[in-house]
Amino acid sequence: MTTQRSHICLNCQHPLRLDFTQRRPDSADSEKKSETVITEALTGHSRNLMKLISDAQFPSDAPVCNDCSDALRNEMDAQVATLDDEIKTYQTYINYLKENHPTTSIPDLKAKLQNVSDEEKELEQQLKKLLAEEEQLDLDLQTKRRTAEAASEKSGELWKKYRDNLRQVFEDQDELHSLEAERQYAEVQHRKLTDTNVLDLCFHIWVDGIVGEINGFRLGYLKDAPVEFTEINAALGQIVLLLEILLERIGVQHHELMPVAMGSHSYIKLRRNGIDMETYALYGQGTPLSGSSGIDPGIRRFLQLLEFLLKELKDRNKNFKPPYQIHADSLVDNGVKYNAVMTLNTDVRWTRAMALMLTDLKAACAQCDALRSPI
Ligand SMILES: [Zn+2]
1 MTTQRSHICL
11 NCQHPLRLDF
21 TQRRPDSADS
31 EKKSETVITE
41 ALTGHSRNLM
51 KLISDAQFPS
61 DAPVCNDCSD
71 ALRNEMDAQV
81 ATLDDEIKTY
91 QTYINYLKEN
101 HPTTSIPDLK
111 AKLQNVSDEE
121 KELEQQLKKL
131 LAEEEQLDLD
141 LQTKRRTAEA
151 ASEKSGELWK
161 KYRDNLRQVF
171 EDQDELHSLE
181 AERQYAEVQH
191 RKLTDTNVLD
201 LCFHIWVDGI
211 VGEINGFRLG
221 YLKDAPVEFT
231 EINAALGQIV
241 LLLEILLERI
251 GVQHHELMPV
261 AMGSHSYIKL
271 RRNGIDMETY
281 ALYGQGTPLS
291 GSSGIDPGIR
301 RFLQLLEFLL
311 KELKDRNKNF
321 KPPYQIHADS
331 LVDNGVKYNA
341 VMTLNTDVRW
351 TRAMALMLTD
361 LKAACAQCDA
371 LRSPI
């Protein structure tokens, strides 16, 4: 029995008229399945066409028209040819590999691969270690940088302090220099003062030509240049005061004579056993050298005291030598005696004696100053 059923070609979808002489059992299930497969194939799964044809057990499972089956066969032949070519190519390549790498064996390669893998792991571990070290070094670097910054700040502070101190030092040095200059000035002034003979300043003795003078008062008398007693008395007052000061300066006292300075009425006092015995005036009146002026005893006592002073000075300094020796009432100049009393004297000689006496006083003054202990 033949069953006519309408089918379409799976490829071109032309209706086919098939005569199934061989047919599987007509079961609704299989028929249904077949239709499902075909429908699936027709919905665009043409790539499975070959599979459908290959899997088909009955022609009705994969109906294809003659034209399409011819075309399919041709295409398959072409694919087979292509595959044959590929096989040939692979075979050639296998031969080539066998020829060129005859010793290469898979175990060796596997061992190599293992080695390379091991090496890679080792390198990875090294890399990890190095990264860890780098991290540690970064931390160290940061710590050190912070330390350096702190040190830099401290250094800056110290530098500021140093600068302040240096400025202070400069200021102190300036002040020191200023004080040193002041000190030197004061020292110079002090030396000037100590070098100055105060007595020389207070008692200016001056012998100009013949007539000597002290502090501007002339002590002398010349007939052609007369000096009044008032001036002579003032000059005598000055030399008594000077003598008194000089004795006091070297700390000695005559055993019985004492100068008493009273300006133009000065005198010499004679004391014995603590009792004032007599006074010798060193001031006169009238015309000098014109008779009894009354000053001769005083001048004699004054010469005594002056001689005493010069002797005391000589005791303190052997090299000291008074310019003019005193001999009784006279002063000696180049062996010539000039009497210091007015009685029976000439104006020139008396004036000369007074000048010599003033010169001795001036020398005593200088010697006194020289004896003074340096300050
Ligand atoms: Zn067809």
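For the record, in the sequence shown the residue sitting at position 29 is 29 according to the UniProt record's numbering, with numbers rising by one throughout.
The C-beta atom is built at its ideal place from N, Cα and C for all residues, glycine as well.
All values reported here derive from a predicted model rather than from experimental measurement.
For residue j and residue i, believed in contact at Cβ under 8 Å, the rounded distance
| i | j | result |
| --- | --- | --- |
| Arg352 | Ile245 | Going by Cβ atoms, the distance from Arg352 to Ile245 rounds to 26 Å, so no, they are not a contact pair. |
| Ala364 | Asn197 | Not quite, the Cβ-Cβ distance comes to about 12 Å (not below 8 Å), so this is no contact. |
| Leu241 | Ala261 | 4 Å |
| Leu313 | Phe320 | 5 Å |
| Met342 | Pro297 | That belief does not hold up - the Cβ atoms of Met342 and Pro297 are roughly 11 Å apart, past 8 Å. |
| Ser60 | His7 | 7 Å |
| Asn215 | Phe203 | 6 Å |
| Ala355 | Val227 | Wrong, their Cβ atoms sit about 13 Å apart, outside the cutoff. |
Cβ neighbour criterion (16 or more within 10 Å) applied to residue i
| i | result |
| --- | --- |
| Val64 | buried |
| Glu231 | buried |
| Arg316 | exposed |
| Trp159 | exposed |
| Tyr162 | exposed |
| Pro322 | buried |
| Gly212 | buried |
| Phe170 | exposed |
| Val188 | exposed |
| Ile53 | buried |
| Ile94 | exposed |
| Tyr338 | buried |
| Arg301 | buried |
| Ile205 | buried |
| Asp360 | buried |
| Met76 | exposed |
| Tyr324 | buried |
| Lys362 | buried |
| Leu139 | exposed |
| Ile375 | In this predicted model, Ile375 has a pLDDT of only 49, less than 50, meaning its place in the structure is not dependable; the value taken from the coordinates is given anyway. Exposed, since its Cβ has fewer than 16 Cβ neighbours within 10 Å. |
| Leu243 | buried |
| Ile295 | buried |
Spatial neighbours of residue i in its chain, beta-carbon cut-off 7 Å, leaving aside the 5 residues before and after
| i | result |
| --- | --- |
| residue 377 | Within the shown structure, residues of the chain are numbered from 1 to 375, placing residue 377 beyond reach of any answer. |
| Arg271 | Glu256, Met258 and Met277 |
| Tyr267 | Val260, Thr279, Tyr280, Ala281, Leu282 and Gly298 |
| Arg372 | none |
| Leu303 | Ile326, Asp329 and Ala340 |
| Arg249 | Cys368 |
Heavy atom of ligand 2 within 8 Å of residue i beta-carbon
| i | result |
| --- | --- |
| Asp67 | Absence of ligand 2 from the depicted structure is noted, with ligand 1 being the only ligands included. |
Rounded straight-line distance, which links the Cα of residue j to that of residue i
| i | j | result |
| --- | --- | --- |
| Leu16 | Phe58 | 15 Å |
| Gln142 | Lys154 | 18 Å |
| Cys9 | Ala62 | 8 Å |
| Cys12 | Ala71 | 11 Å |
| Gln173 | Arg183 | 15 Å |
| Thr92 | Ala81 | 16 Å |
| Ile275 | His265 | 21 Å |
| His327 | Lys318 | 20 Å |
| Gln79 | Asp118 | 46 Å |
| Ser293 | Trp350 | 13 Å |
| Lys121 | Leu113 | 12 Å |
| Glu134 | Thr147 | 19 Å |
| Gly220 | Thr194 | 33 Å |
| Arg218 | Ser178 | 49 Å |
| Asn74 | Thr89 | 23 Å |
| Arg145 | Gln136 | 14 Å |
| Asn290 | Ala340 | Before going further, note that residue 290 is Ser rather than Asn in the sequence given. Each residue's Cα considered, the two are about 15 Å apart. |
| Leu97 | Lys129 | 42 Å |
| Leu305 | Asp329 | 12 Å |
| Asp200 | Asp369 | 9 Å |
| Arg167 | Gly251 | 56 Å |
| Glu157 | Ala150 | 11 Å |
| Lys311 | Met357 | 15 Å |
| Leu49 | Ile87 | 25 Å |
| Gly335 | Thr346 | 18 Å |
| Glu175 | Ser152 | 34 Å |
| Leu344 | Lys269 | 25 Å |
| Ser111 | Asp84 | For the sequence presented, residue 111 should be read as Ala rather than Ser. Each residue's Cα considered, the two are about 35 Å apart. |
Own chain, CB closer than 8 Å to residue i, minus 5 neighbours either side, in chain order
| i | result |
| --- | --- |
| residue 381 | Absent from the model: residue 381. The displayed extent of the chain is 1 to 375, so no value can be given. |
| Val348 | Ile210 and Leu222 |
| Lys286 | At residue 286 the sequence reads Gly, which differs from the Lys that was named. These residues qualify, in order along the chain: Phe229 and Ser293. |
| Asn66 | none |
Own chain partners of residue i with C-beta closer than 6 Å, once the 5 adjacent residues on each side are dropped
| i | result |
| --- | --- |
| Cys68 | Cys9, Asn11 and Cys12 |
| Gln126 | none |
| Gly263 | Gly237 |
Discussion item. Check whether the segment 275 to 285 and the segment 229 to 245 are in contact - that is, three or more C-beta pairs closer than 8 Å.
Written reply: yes
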